[in-house]
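Let me begin by presenting the structure, written as structure tokens, before commenting on it.
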Amino acid sequence: MTSLVQAWPYVAAFLVGALIPRRQSRFERFSLGLVALLSVAFISSLWPEKAVEAAAEAPSEWPHLLNFIVLLPIVGAVALLFMPRQSPKLLRGVTLTILAVDFIASLLLLRTPMTDGWHFQYVREWLPAFGIRYHVAVDGISIWMVVLSTFITPIAAYASFGSIKKRTKDLCFSLLLLHGAMLGAFVSLDLFLFYVFWELMLVPMVILIGIWGGVEKIKASYKFFLYTMAGSLLMLAAILYMVWTHDQLEGYPSFDYLALSRLVLPKTAAYLCFGAFAVAFLVKVPMFPLHTWLPDAHVQAPTGGSVILAAVLLKLGTYAYIRFCMGMFAGPAYWAAANLAGLAVGGGILYAALVAWKQPDIKKLIAYSSVAHLGFVMLGLFAGTQAGIAGGILQMINHGISTAALFILVGVIYDRRHTRLVSEFGGLAKVMPIYTACFVLVTMSSIGVPGTNGFVGEFMVIMGTFTSPVLGSHAKLQGGLAAFGVILAAVYMLSMVQRTFFGPLSNPKNQHLPDLNVRETVALAPLIAMIFVLGLFPNLFLERINPSVAGVQSRFMSSMAAFRSQHDQDPTRAVMLPRPSGKLGAGYPEDPKKPAESAATASAEEIQ
Numbered sequence: 016m017t018s019l020v021q022a023w024p025y026v027a028a029f030l031v032g033a034l035i036p037r038r039q040s041r042f043e044r045f046s047l048g049l050v051a052l053l054s055v056a057f058i059s060s061l062w063p064e065k066a067v068e069a070a071a072e073a074p075s076e077w078p079h080l081l082n083f084i085v086l087l088p089i090v091g092a093v094a095l096l097f098m099p100r101q102s103p104k105l106l107r108g109v110t111l112t113i114l115a116v117d118f119i120a121s122l123l124l125l126r127t128p129m130t131d132g133w134h135f136q137y138v139r140e141w142l143p144a145f146g147i148r149y150h151v152a153v154d155g156i157s158i159w160m161v162v163l164s165t166f167i168t169p170i171a172a173y174a175s176f177g178s179i180k181k182r183t184k185d186l187c188f189s190l191l192l193l194h195g196a197m198l199g200a201f202v203s204l205d206l207f208l209f210y211v212f213w214e215l216m217l218v219p220m221v222i223l224i225g226i227w228g229g230v231e232k233i234k235a236s237y238k239f240f241l242y243t244m245a246g247s248l249l250m251l252a253a254i255l256y257m258v259w260t261h262d263q264l265e266g267y268p269s270f271d272y273l274a275l276s277r278l279v280l281p282k283t284a285a286y287l288c289f290g291a292f293a294v295a296f297l298v299k300v301p302m303f304p305l306h307t308w309l310p311d312a313h314v315q316a317p318t319g320g321s322v323i324l325a326a327v328l329l330k331l332g333t334y335a336y337i338r339f340c341m342g343m344f345a346g347p348a349y350w351a352a353a354n355l356a357g358l359a360v361g362g363g364i365l366y367a368a369l370v371a372w373k374q375p376d377i378k379k380l381i382a383y384s385s386v387a388h389l390g391f392v393m394l395g396l397f398a399g400t401q402a403g404i405a406g407g408i409l410q411m412i413n414h415g416i417s418t419a420a421l422f423i424l425v426g427v428i429y430d431r432r433h434t435r436l437v438s439e440f441g442g443l444a445k446v447m448p449i450y451t452a453c454f455v456l457v458t459m460s461s462i463g464v465p466g467t468n469g470f471v472g473e474f475m476v477i478m479g480t481f482t483s484p485v486l487g488s489h490a491k492l493q494g495g496l497a498a499f500g501v502i503l504a505a506v507y508m509l510s511m512v513q514r515t516f517f518g519p520l521s522n523p524k525n526q527h528l529p530d531l532n533v534r535e536t537v538a539l540a541p542l543i544a545m546i547f548v549l550g551l552f553p554n555l556f557l558e559r560i561n562p563s564v565a566g567v568q569s570r571f572m573s574s575m576a577a578f579r580s581q582h583d584q585d586p587t588r589a590v591m592l593p594r595p596s597g598k599l600g601a602g603y604p605e606d607p608k609k610p611a612e613s614a615a616t617a618s619a620e621e622i623q
């Protein structure tokens, strides 16, 4: 039996390789076969039985692994610039190979058990006169964002290559640059470095929408750019103020997250800086009422752009809120939680659900459903309980999987009919049974049917909301309204499915539509597999998430208490909290006024 368990990843990889059509280039075939092999091996390695058997000594952390994961796609994007534009197969093959290798490298992160603290940490001085360092690391939260990104991007690229034939070089360059920038933002622990990656993401995403988008692509790309840039400039102003304050208190500037998270700003400044960061991140989520750019961006973006935008890019907003708003502004975040939770429920979950119900365009309906689902994520974060935060993080992963599959499925029908209007369809199950089965299955996961990935995260968020001390007297009301939002999601999604796939085949243009081809099936297969893995075995993910969530919640509450205590004494004064001890303090920048001491040695001594 053990040998059979060890052999099944290779069998699965062989089957996927056999499905890849021979007309694909060797680079594409090799990349996809390798990804299939490592994906199934990764799933099997997470099983508790294997973890118990292998529970010997934890593997050492290679300090350059994150550098490799982040820089490989960026270097690959630059390398593509020197390749011939007239060789689209070569360009696509190289792109898929780079993305496949990056995915494989990200799986190595999962070999290390996640505890509360930073892992795979790498620190180097960059611009010491300005307090800027190259500082990257992951914890039990960001590690899943990295893996989600490396899992989704090659699928999005492969799906895009089937429908986009023009300007292949520009497409591949944009995908690789966007991928590297997203990964860099997820692992950065220096605010200058984070801001560079945060802004770098704008360029390739605007290119994807502006070149390969729909009829109103220019308007949508401008809207996306302006919304995001406005929030980013507010965040930049807040970052510079915090660095200046650190310089005034400590005698030297620092952009390091670990240093700035110890900074307690004057009361008014703290609320203003929190507001600046929150606006930047809530625009990216996006959360009501800052969401109006998203439907236009999704409708106009090509399939690959929509997949990356929904599955990964939006998660940067939710992740950054956990890391920076809750990590650096605990007092203001606690104060604003109840009101923001009301916006997440009323504007995100309920309003977006009602708007989605009335959408005639399938892609726009799914865009509004994203606003509703991310409303659940933010509600869990605002609740501040361990169940709420962990459920919100799990729902970030779930939403990335389900929504990526939905946008690929919408792209399939658009490639055949060049329309996404529900009224143009009906009875598709008669001519496209496999496509219909996939769409219904992914819809079940989107509305949170038990056994699929959407159920566990939403359930944890709702339970965490009911028991939240942060939300106070509004907790039960907001939890109940969120539960009602689950019912609304079922109504608008199932209504769309019924009108699109069932009933009479009334439109003669739909009578001879081909079912899923091999490329589309290969793109959807890993997403559908993950729907069941996440739905049936959520603890495989939660066991890595929970230690970091417990640490985030504990530090959030202690920092909030310190914020209140300091401002009860003097609300106009800024102070620095004590440096954390042990592994949590590892990587903290050394005071340049002290005798020189290697940061690596200091970190090693603290860990011991």
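Going by our numbering, the first residue of the sequence shown is number 16, and it counts up by one from there. Heads up, the beta-carbon is just placed ideally off N, CA and C, and yes, glycines get one too. Computed from a predicted model, the values in this text were never measured in an experiment.
{"Query": "Within the same chain, show all residues whose beta-carbon is closer than 8 Å to that of D376, passing over the 5 residues directly before and after it, in chain order.", "Result": "V314, R435, L436 and V437"}
{"Query": "Whole angstroms are fine: how far does the CA of V211 sit from the CA of F240?", "Result": "15 Å"}
{"Query": "Can at least three beta-carbon pairs, one atom from the segment 320 to 336 and one from the segment 404 to 416, be found at a separation below 8 Å?", "Result": "yes"}
{"Query": "Which term fits P169, buried or exposed, when burial requires 16 or more other beta carbons within 10 angstroms of its beta carbon?", "Result": "buried"}
{"Query": "Could you tell me how far apart the beta carbons of A335 and F303 are, in whole angstroms, since I believe they sit closer than 8 Å?", "Result": "Actually they are not in contact, since the Cβ atoms of A335 and F303 sit about 18 Å apart, beyond 8 Å."}
{"Query": "Looking at I629: is its Cβ nearer than 8 Å to the Cβ of S236?", "Result": "Examination of residue 629 is not possible in this model, given that the chain is present from 16 through 623 alone."}
{"Query": "Rounding to the nearest angstrom, what Cα-Cα distance links G442 and G395 in this structure?", "Result": "38 Å"}
{"Query": "Pull up the DSSP beta-bridge partners for S203, would you.", "Result": "V151"}
{"Query": "Whole-angstrom Cβ separation of L557 and A368, contact assumed at under 8 Å?", "Result": "L557 to A368, Cβ: 27 Å. No contact."}
{"Query": "Starting from the Cα of V537, find the closest Cα among F292, I408 and Y173 and give me that residue.", "Result": "Y173"}
{"Query": "Quick check: what's the CA-CA separation for V67 versus S460?", "Result": "Annotation note: pLDDT 34 at V67 (below 50); position unreliable, coordinate value reported separately. Distance between the alpha carbons of V67 and S460 is about 30 Å."}
{"Query": "Considering just the uninterrupted stretch of the beta strand (DSSP E) at V138, what are its terminal residues?", "Result": "H134 to L142"}
{"Query": "Are L503 and L389 closer than 8 Å when you measure CB to CB?", "Result": "no"}
{"Query": "Leaving out five residues before and five after G362 in sequence, what residues of the same chain have Cβ atoms less than 7 Å from its Cβ?", "Result": "F303 and P304"}
{"Query": "Looking only at C-alpha atoms, which of C187, R514 and P310 sits nearest to R100?", "Result": "C187"}
{"Query": "Give me the Cα-Cα distance between P317 and V427, rounded to the nearest whole angstrom.", "Result": "11 Å"}
{"Query": "Does the pairing of the segment 488 to 504 with the segment 442 to 457 give three or more beta-carbon distances under 8 Å?", "Result": "no"}
{"Query": "Helix, strand or coil for E621? Go by DSSP, reduced to three states.", "Result": "Low per-residue confidence applies at E621: pLDDT is 36, beneath 50, and the placement is therefore not dependable, though the value from the model is reported in the following sentence. Reduced to three states, the DSSP call for E621 is helix."}
{"Query": "With a CB to CB cut of under 7 Å and the five nearest residues on each side skipped, what residues in its chain are close to V116?", "Result": "L87"}
{"Query": "Answer yes or no: do F422 and T515 have a C-beta to C-beta separation smaller than 8 Å?", "Result": "no"}
{"Query": "Please report how far the alpha carbon of R107 lies from the alpha carbon of L248, in whole angstroms.", "Result": "35 Å"}
{"Query": "With DSSP collapsed to three states, give me the class of D376.", "Result": "strand"}
{"Query": "Which two residues bound the contiguous alpha helix (DSSP H) that contains R107?", "Result": "P103 to L124"}
{"Query": "For L531 and D430, I'd like the C-alpha separation in whole angstroms.", "Result": "11 Å"}
{"Query": "Cα separation between M98 and A92?", "Result": "10 Å"}
{"Query": "Can at least three beta-carbon pairs, one atom from the segment 548 to 565 and one from the segment 114 to 133, be found at a separation below 8 Å?", "Result": "yes"}
{"Query": "With C-beta atoms as the reference, is Y242 less than 8 Å away from W308?", "Result": "yes"}
{"Query": "If you reduce the DSSP assignment to three classes, tell me which class V446 lands in.", "Result": "coil"}
{"Query": "Quick check: what's the CA-CA separation for A351 versus P484?", "Result": "13 Å"}
{"Query": "How is the alpha helix (DSSP H) around L230 delimited, first residue to last?", "Result": "This sequence places Val at residue 230; Leu is not what is there. From DSSP, V230 is part of no alpha helix (DSSP H); its letter is neither H nor E."}
{"Query": "When burial is assigned at 16 or more other CB atoms within 10 Å of the CB, is G266 buried or exposed?", "Result": "exposed"}
{"Query": "Assign M257 to one of three DSSP states: helix, strand, or coil.", "Result": "helix"}
{"Query": "Please work out which residues of its chain come closer than 6 Å, Cβ to Cβ, to D205, disregarding the five sequence neighbours upstream and downstream, and give them in chain order.", "Result": "R148, H150, F270 and D271"}
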